[in-house]
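In this note's numbering, the protein residues as written are 11 to 376. Cβ atoms here follow ideal geometry from the backbone N, Cα and C, with glycine treated the same way. Taking it in order: structure first as structure tokens, then the write-up.
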């Protein structure tokens, strides 16, 4: 039955995917075509060592650093090509309108090059422990597994509370996807259904993409990164483990700050207004906050539209209204006078404050 349902819905899925690809930007189309060409090149067995990353050839004397460019486009199986194409098109449809084509391309380059370098060093470390040369020359790192992980992290940043499915044990949201897929890749690797490099690539993709989005992505207001609490490193883990992970992550971050490898997060206080004080963290400007609330606002509007308007209450007699009017007038006048007094006091109290204050702290959750 499930097979028949999937077969009946496949033409619709194919049509929607083709339409999305046709409307996508030149960046999405170029990356998708490059993946298809990389798959075709994989049939040339003599070319595979040169278009994929071989850990033993990364360091001198071979120093095949050029393989960091084409390795991500190479796939050995057609179903991997299909998955890559779907993720690329979804990335272009969901995130490119928010980021722009240039930022999407920069994210693609940063994540894949970071994944290639880190995964190669993982295998070099395994070789130092085991002294088995097969980890140097028989391993070929390739594909977009790391970029798929980066896509999951970006979705968690933009739409963390979006519900994907309702499962027997609870709701599956975007915030749960990165760790769930990492566990799935490890399970598939143990079962022998995935190449050995894929779990390492996916884990490194999670790390590289989070570091870039957390600390380095440039926003329209000149700030970098996203220091929101729901995007901390601990937020990727179950709530029971988050306090322990937060202590571990903050300790590492404090050490990196002392080594001047990372900068301290800054709070900016805008007290130019006499009535309100605005606290701004890098990466949390109103545009980002508004973007993250879109789904909640949409759901709220849908619920409110279903609520019937309340019935009209019976009107009071004219005599009763006349008796209540003087009291209402006195109450309104008293309230207005009180508000004026409060505003005057607030204005005078806010006068000595500076217009902009910057506070630097290193105790933020990372």
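- In the three-state scheme derived from DSSP, where H, G and I count as helix and E and B as strand, residue 194 is classed as helix.
- Spanning the alpha carbons of residue 121 and residue 307 requires a straight line of approximately 32 Å.
- Separation of the CB atoms of residue 144 and residue 35 is rounded to 41 Å, and the pair is thereby denied contact status at 8 Å.
- Taking residue 244 as the centre and dropping the five residues before and after it, the same chain places the C-beta of 252, 255, 256, 259 and 375 closer than 7 Å to its C-beta, in chain order.
- A contact between stretches requires three or more CB pairs, one per stretch, nearer than 8 Å, and the segment 156 to 172 meets this requirement with the segment 209 to 222.
- Residue 235 places its beta carbon 8 Å or farther from that of residue 246.
- Taking 4 residues as the shortest admissible run, the segment 201 to 234 contains the following complete alpha helix (DSSP H) segments, listed from N- to C-terminal end: 207 to 221.
- Take residue 99, set aside five residues on each side of it, and the residues of its chain with a beta-carbon closer than 8 Å to its own are 27, 30, 31, 34, 38 and 42, in chain order.
- In the three-state reduction of the DSSP assignment, residue 95 falls in the helix class, which pools H, G and I.
- Here the alpha carbons of residue 58 and residue 51 stand approximately 8 Å from one another.
- Between residue 102 and residue 114 the beta-carbon gap is near 7 Å, inside 8 Å, which marks them as a contact.
- In the three-state DSSP reduction, residue 151 falls in the strand class (E or B).
- With a beta-carbon spacing of about 6 Å, residue 91 and residue 46 fall inside the 8 Å limit used to define contacts.
- The beta-carbon distance between residue 275 and residue 237, rounded to whole angstroms, is 5 Å. This is short enough to meet the 8 Å contact definition.
- For the 8 Å CB-CB criterion, residue 63 and residue 151 form a contact.
- Secondary structure note for residue 38: its alpha helix (DSSP H) is the uninterrupted segment 36 to 51.
- Secondary structure of residue 180 (DSSP, three-state): strand.
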